[in-house]
Ligand code: SF4
Ligand code: SF4
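Shown next, in the form of structure tokens:
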């Protein structure tokens, strides 16, 4: 079976060969959908895990034991274009540059493929134009 999850790595786990360990120790394949992982920073990745249900559960228990947070809900960011006033405040907190202001039109651009659903942008929006959905 497959599970799509969001992983948040503490600084000390960023260098850990997690996908290798999942494959070798649990026979779980990892398809990285998007990731934002840099040295000495908290890392975030949206991944699809494939494997036997028991092995998947064991793999997730192991990740939790390594202080990797796992969010099972596969959420997506939604920008309400009717509400957004293109102020650009959210672009300042986005760690992956998924949010940017178009230099020509000064309108907000959202590049979904870069978003790691860290949700840091949600509280910055003064008009509550950003939300998540499953
Ligand atoms: S949730 Fe918001 S701040 Fe985080 S990566 Fe996605 S767009 Fe950027
Ligand atoms: S903070 Fe809110 S209103 Fe401002 S650009 Fe971002 S989504 Fe639009």
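Numbering (the numbering used here), first residue to last: 647 to 780. Here a beta-carbon is modelled for each residue, glycine too, at the ideal position from N, C-alpha and C. Keep in mind that this is a model prediction, so the values were computed, not measured.
One alpha carbon belongs to residue 738, the other to residue 755, and they sit about 13 Å apart.
Burial state of residue 723 is buried, judged by a 10 Å Cβ sphere holding 16 or more other Cβ atoms.
Per DSSP, the continuous beta strand (DSSP E) segment holding residue 776 begins and ends at 776 to 779. Judged by beta-carbon spacing, residue 649 lies within the 8 Å limit of residue 718, meaning their Cβ atoms are closer than that value. Scanning its chain for C-beta atoms nearer than 8 Å, with the 5 sequence neighbours on each side dropped, one finds around residue 714 the residues 653, 654, 655, 656, 659, 664, in chain order. Residue 709 counts as buried, since no fewer than 16 other beta carbons sit within 10 angstroms of its beta carbon. Counting only runs of at least 3 residues, the stretch 685 to 745 fully encloses the following beta strand (DSSP E) elements, listed from N- to C-terminal order: 689 to 696, 715 to 717, 722 to 725. Beta-carbon to beta-carbon, residue 676 and residue 762 are separated by about 15 Å, too far to satisfy the 8 Å threshold. Assigned with DSSP and collapsed to three states, residue 651 falls in strand. Around residue 744, the same chain offers 757, 760, 761 as residues with beta carbons nearer than 6 Å, after the five sequence neighbours per side are excluded.
Residue 676 sits in a strand when the DSSP states are folded into three classes.
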